[in-house]
Amino acid sequence: MTTLSIEGRKVQVSDDFLSLSPADQEKTVEEIASSLRIAPAGQSGPRHPIMSQVNKGIAEAVGGLADFVNPFDEPHALNPFSEGTGSATAGLERLMQGAGVEVAQQDPKGAAEGFARGAGQAAGSLLPVAKGLQALRGAGGAVGRFADDAYRALTTQAAPAAEVFAGGLSGAAEEVADEAGAPEWVQNTAAIAAPMSVPAGAALVKGAARISPAAALTRRAAAELAPYTNSGARAVASDRLQSLAGGRDRAEELAQGITSDNPLSLTPAQQTGDANMLAVERLAADQNPNLRAALETRRADSSGAAQAAVQGMGGDAADAQTFFRQRRQSFKEQLQAQADGAMATSESRLRGIQSQNPDGENGVEITRNIKRALEDAMLQERELWAAIPRDAAVGTGAARAKAEALVAEVAYAQRNDVPRAIRDLLESPEVYGDTATVREMHGLYSELRRVARSAMAGNDQNKNTARMANEVADAILDDLGAKAGTTAIGQQINEARAFSAALHETFDRGAPGRLLKRTLDGDAAIDPELALKRTVGRGGTEAAVSSRQIEAAGGARPVIEDYISGQFKGSAVSSRDGAVTLSGARHYMARNKELLARYPELRSEIEGAVQQRETAEQLSQRITRRMAALEDQKRSAVARFTGETAESAIKSIIDAKNPIQAARRIANEARKDPSGAALDGVKGAIASHLIGSARTTRGAQTMLDATSLNRVLSDPKTARAIGQVFTQAEMSRLRLVARELAKSQATTNATIGNELSGAKANRLIEIVARIGAARHGASLGGGGGASLQTAQMASGRMKDLLNHLAQDKASQMIADAVTDPDLFKALLTHGGSAQATERAIPKLLPYLVGGIAAAGQ
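Everything in the sequence shown is counted per this note's numbering, starting at 1329 for the first residue and increasing by one.
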């Protein structure tokens, strides 16, 4: 449909109008204007525009009531009047114009003319309304009591003025809504509700409100009308929420916890946590599918925001794992370097104990030194013996007597055992008489000693020969005075003899004797290159004795020490791979304990090197165990954290025997990262664990479950473990997120009825509204006449309007507040009470009475 405005009158035509030519459109407009009795363009309007609108209103009111109850004004199948009786309103207008009374032929323009039209309609209704009330006073029941109350009020002096004033307000409000371009149902609502929303400031109106027939109805209907008006809706909604909160003080307390800026975008009801407020939210969602879907989305968003808030408190767990791995690797490298350094130092020291010359050269050097020493000793011996006066005479009595006795005792068969030198002593008086020279006696002595040694050497020893030779030699010492040392010659002999004995003891016996011994072929019995191996190299006590004998025989001590050093290195360093072996070193030290005791400095050096090697190996073993422990996930919390995936890394802390200690160690290790990324990574791992522990699936959505999250954070051991990583402020924030998430998922079993505002469907309001709509429908008939069908159509539209407004304004305001924190808070703290303006009912009263009268007929 297309709406045309013809001289201020709105006329609806079909859309075909737009397809006409300009000439045809102009012709059509002129025909419509003629049928509506609109003066042609250019013709001047009424001389008295305000009073003509008042007269028009009176005609419509009086004629409209007649038309409302007259079923025969329009032709129809059941009408006995073929052309209909015609409109009473049109007839009354013609009578008024014939009497010279100016009647407006066009709709009001502006609030002033609208006020005039409405006032005229109200004035025209006074008489029939009064008569109707008078007829209904005896009806009995609620209708009779109401009619009696209204009739008394209407018959006071101020009542007519109040009715006219209320009608004027209604007409003015309708025109203002029309000028604003509001739809028709808004214009109708404005016409009905305007008197309720205008302050009754004038004394006349105040008085009328107290005494008018609408006063009783106003007092009864104000609270029920309030939810349908802008001015009353806020008060009703506020009273409703405050009542559900448990009073104004409690409402104020709840309001203080509501903010438009909260981490999880909670609804106002969720922020309060109050069961009745949550019930309000639930009821609003039940009544509005769109709101219900929005709240579900908001709940999911809250879960997502909570998850983001928790996850945002930490970084990437992989950063912490990378830092731990790098730090562990660096630490292992440092430990390994320390172990390697200790081992290398000890090895170098052990290898440093080595011979400067090969063992063979040292053996040759020792043999050479012994021989040189022997030669020097023999030269000195000769010098000692040479110093004795060789031609001096000494007695031979002791030697001869001993020789004679031995010869006499020997058996015949053993006669050859007697040394030839003894027989020469007895059988050569020219040499060995009663006296003999020192030379001859010493020569005989030496020969007898040689014979004795020879008799005991070899495989064919002759102890008898040796015995006889030694006994005679001892007797010669008596003759020389050597035993007693009483003579100068004897003393010299004793000195030479003692030196000779010492020389014999040193060079003819022990290790030097073996080294100097010759075979029958004249070769050395022991190769000089093996001299030390066959003596000092035997180990044990023998090695120590041999070293002493060799040193006594002129063997150089440094040469022996050099040999010992070489032998030690040979034991301490493997001949297969050249590796240092501590066991070999220890074995050599144990085997040559006595030998090393003779060389304290060398022993100290060897013991120090061995001990250093032992320490190095022990350190290496400890470091090896330490590095193994670093990788052992059963023993190292950091190893467990590093070895897990990022999602499950934190389980290494939570599942530890002592999670608090494990968390502390990991946190302390992470804090060594100067960038802070490692600590953030540990926090991120904890955040992932919290999220994973609380994640649940509801329908098609995966979200955090507040109960699960709070259960984890409420566990004392887990909370203390997490507290080793997070600061107190961060822990407080975690708990806040958990509490807020719990609010977003809170449910309630509380019930608050079926209406948000608490208002019940009111039959009175429907009657008033429909009667008002019927009256307004009659007025829209204009010059065409109002009919019963027109009024019924208008009344039906108002009923549809009420159905459209089934959610009253107060309920809608509460529903809007469900997602509007500021509005919700304002309703909880609003201090006014619901009072409907008393000027509303007088304007509606005539139509109420008319409706009741029609119902009575």
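Even glycine gets a Cβ: it sits at the ideal position worked out from N, Cα and C.
Fair warning: this is a prediction, and the values are worked out from it, not measured in the lab.
- Assigned with DSSP and collapsed to three states, residue 1978 falls in coil, not helix or strand.
- Approximately 10 Å separates the beta-carbon atoms of residue 1806 and residue 1722; this is outside 8 Å, ruling out the contact.
- Selection 1938, 1874, 1928 evaluated against residue 1897 yields 1938 as nearest (Cα-Cα).
- In its chain, beyond the 5 residues on either side, 1603, 1606, 1607 have a beta carbon closer than 6 Å to the beta carbon of residue 2076.
- Taken in chain order, the complete alpha helix (DSSP H) segments of 4 residues or longer contained in the region 1611 to 1697 are 1617 to 1639, 1645 to 1680.
- When the five nearest sequence neighbours on each side are left out, the beta carbons in the same chain lying within less than 6 Å of the beta carbon of residue 1570 are those of 1576, 1579, in order along the chain.
- The beta carbon of residue 1820 lies closer than 7 Å to those of 1715, 1716 in the same chain, with the five residues before and after it left out.
- Between residue 2078 and residue 1609, the alpha-carbon positions lie close to 11 Å from each other.
- Minimum Cα-Cα distance from residue 1994 among the listed residues 1881, 2052, 2141 corresponds to 2052.
- With fewer than 16 other Cβ atoms from the protein chains shown falling within 10 Å of its own Cβ, residue 1740 counts as exposed.
- Between the alpha carbons of residue 1386 and residue 1431 lies a distance of about 10 Å.
- The Cβ atoms of residue 1747 and residue 1797 lie closer than 8 Å to each other.
- For residue 1895, the closest C-alpha among the options 1866, 1874, 1880, 1942 is that of 1866.
- DSSP, read as helix, strand or coil, puts residue 2029 in strand.
- Taking 4 residues as the shortest admissible run, the region 1727 to 1780 contains the following complete alpha helix (DSSP H) segments, listed from N- to C-terminal end: 1748 to 1755.
- Looking at 1614, 1648, 1598, the one whose alpha-carbon comes closest to that of residue 2082 is 1614.
- Residue 1721 has 1765 as its beta-bridge partners, per DSSP.
- Contact check for residue 1697 and residue 1890: beta-carbon distance about 13 Å, past the 8 Å limit, so the pair fails to qualify.
- Here the alpha carbon of residue 2066 sits roughly 39 Å from the alpha carbon of residue 1657.
- Counting every other CB atom within 10 Å of its CB across the protein chains shown gives residue 1340 a total below 16, marking it as exposed.
- A Cβ-Cβ distance of about 20 Å is found for the pair residue 2057 and residue 1988, leaving them out of contact under the 8 Å criterion.
- Under the Cβ criterion (8 Å, minimum of three pairs), the region 1817 to 1837 counts as touching the region 1699 to 1718.
- No Cβ-Cβ contact shorter than 8 Å links residue 2015 with residue 1654.
- Taking C-beta atoms as the reference points, residue 2152 and residue 1617 fail to come closer than 8 Å.
- When 2063, 1671, 1586 are compared, the shortest CA-CA separation from residue 1950 is found for 1671.
- A residue is called buried when at least 16 other Cβ atoms come within 10 angstroms of its Cβ; residue 1915 does not meet this threshold and is exposed.
- In this structure, residue 1345 keeps its C-beta atom at 8 Å or more from the C-beta atom of residue 1331.
- Looking at the DSSP output, residue 1878 bridges to nothing.
- Non-local beta-carbon contacts of residue 1720 in its own chain, meaning distances under 8 Å to residues more than five positions away in sequence, involve 1765, 1766, 1817 in chain order.
- Nearest in C-alpha terms to residue 1684, of all of 2035, 1887, 1946, 1909, is 1887.
- Within the same chain, 1681 come within 7 Å of residue 1933 by CB-CB distance, once the 5 residues on both sides are set aside.
- Put simply, the region 1622 to 1636 touches the region 2022 to 2039. At least three CB pairs are less than 8 Å apart.
- Residues of the same chain with a CB within less than 7 Å of the CB of residue 1754, apart from the 5 flanking positions on each side, are 1728, 1731, 1732, 1735 in chain order.
- For residue 1844, the enclosing alpha helix (DSSP H) has its first and last residue at 1838 to 1844.
- In the three-state DSSP reduction, residue 1716 falls in the coil class, being neither helix nor strand.
- Between the alpha carbons of residue 1785 and residue 1676 lies a gap of roughly 51 Å.
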